[in-house]
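*Asks:* Before we start, here is the structure in question, set down as structure tokens.
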Amino acid sequence: MQDVMISRALTSARMRSPLVREAYAYWAGKKRGDLLPARADVDPVDIPRILPHISLVEREAETGRYRYRLFGSALVDILGKEPTGKYLDEIYPDFELSESRRYRDQVFEMGKPSHRIGRPSLRFPKDFVTVERLYLPLAENGRRVDMVMGVLVFSMDSLEG
63 MQDVMISRAL
73 TSARMRSPLV
83 REAYAYWAGK
93 KRGDLLPARA
103 DVDPVDIPRI
113 LPHISLVERE
123 AETGRYRYRL
133 FGSALVDILG
143 KEPTGKYLDE
153 IYPDFELSES
163 RRYRDQVFEM
173 GKPSHRIGRP
183 SLRFPKDFVT
193 VERLYLPLAE
203 NGRRVDMVMG
213 VLVFSMDSLE
223 G
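Positions in the sequence shown are counted from 1; adding 62 to them yields the working numbering.
This is the structure we're talking about:
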């Protein structure tokens with residue numbers, strides 16, 4: 063498993079999937095100097111190839127719970143249901159103690175992208191060998207993260223491949 067990367071040094075050279083690289087380049091192109099892009103900066107028309115693999119997640123300030131605001135069609139096919147509008151802890155019983163929760167927390171708190179290649183950290187109805195996952199922070203005011211755009215590409219390929 064590749065280590066999780068959360069830093070300014072994250073580059074597309076570490077990314078395997080062309081879709082993940084494309085998403086990272088799109089997000090980086092939307093940054094305004096040191097300011098993070100906002101949700102409004104992400105136009106679905108610009109990213110038709112990536113859109114089926116995107117999730118948008120917000121964290122409620124009062125409860126700290128995460129909710130899907132958008133869940134791409136390729137991800138719906140993998141999950142086997144449409145989770146848009148639902149809380150992640152309702153969908154994944156082990157979410158609160160998962161690596162997935164911890165990674166999202168770090169992106170919200172640090173305002174930096176997070177990239178991972180490895181076995182899925184949450185359970186899915188389909189058994190995949192590998193997932194490449196990129197979490198990208200979005201901030202309405204450019205600084206305080208209020209949403210995370212996730213890009214997930216699942217594969218039956220081994221990590222050694």
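Every residue, glycine too, gets a C-beta built ideally from N, C-alpha and C.
Is Ser79 helix, strand or coil by DSSP?
*Replies:* In the structure shown, Ser79 sits in coil (DSSP, three-state: anything other than H, G, I, E or B).
*Asks:* Closest to Phe216 by C-alpha separation, out of Pro114, Pro155, Ala90, would be which residue?
*Replies:* Considering only alpha carbons, the answer is Pro114.
*Asks:* Suppose you measure from the CA of Thr192 to the CA of Ala136; what does that come to, to the nearest Å?
*Replies:* Each residue's Cα considered, the two are about 15 angstroms apart.
*Asks:* Exposed or buried, which one is Gly91 when buried takes at least 16 other CB atoms within 10 Å?
*Replies:* Exposed, since its Cβ has fewer than 16 Cβ neighbours within 10 Å.
*Asks:* Just tell me which of Arg206, Val207, Arg178 has its CA closest to the CA of Leu214.
*Replies:* That would be Arg178, whose Cα lies nearest to the Cα of Leu214.
*Asks:* Out of Ser117, Val107, Asp105, Arg94, point me to the one whose CA is closest to Leu198's CA.
*Replies:* Residue Ser117 is the option with its Cα nearest to Leu198.
*Asks:* Mapping DSSP to helix, strand and coil, what is Glu194?
*Replies:* Three-state DSSP puts Glu194 in a strand.
*Asks:* Could you compute how far the alpha carbon of Ala87 sits from the alpha carbon of Asp151?
*Replies:* Using only the alpha carbons, I get a separation of about 30 angstroms.
*Asks:* Run through DSSP, which three-state label would Val169 get?
*Replies:* Correct three-state label for Val169: helix.
*Asks:* Can you give the beta carbon distance from Tyr128 to Val119, rounded, assuming they're within the 8 angstroms contact cut?
*Replies:* Contact flag correct, Cβ pair sits at about 5 angstroms.
*Asks:* Pick helix, strand or coil for Glu120, following the three-state DSSP scheme.
*Replies:* Three-state result, Glu120: strand.
*Asks:* Roughly how many whole angstroms lie between the Cα atoms of Asp103 and Gly212?
*Replies:* Going from the Cα of Asp103 to the Cα of Gly212 covers about 15 angstroms.
*Asks:* Can you pull the DSSP bridge partners for Ile179?
*Replies:* Glu194.
*Asks:* Please classify Pro199: does DSSP put it in a helix, a strand, or coil?
*Replies:* Strand.
*Asks:* Reducing DSSP to helix, strand and coil, say where Val207 ends up.
*Replies:* Of the three classes helix, strand and coil, the one that applies to Val207 here is coil, per DSSP.
*Asks:* According to DSSP, is Arg111 part of a helix, a strand, or is it coil?
*Replies:* Coil, per DSSP.
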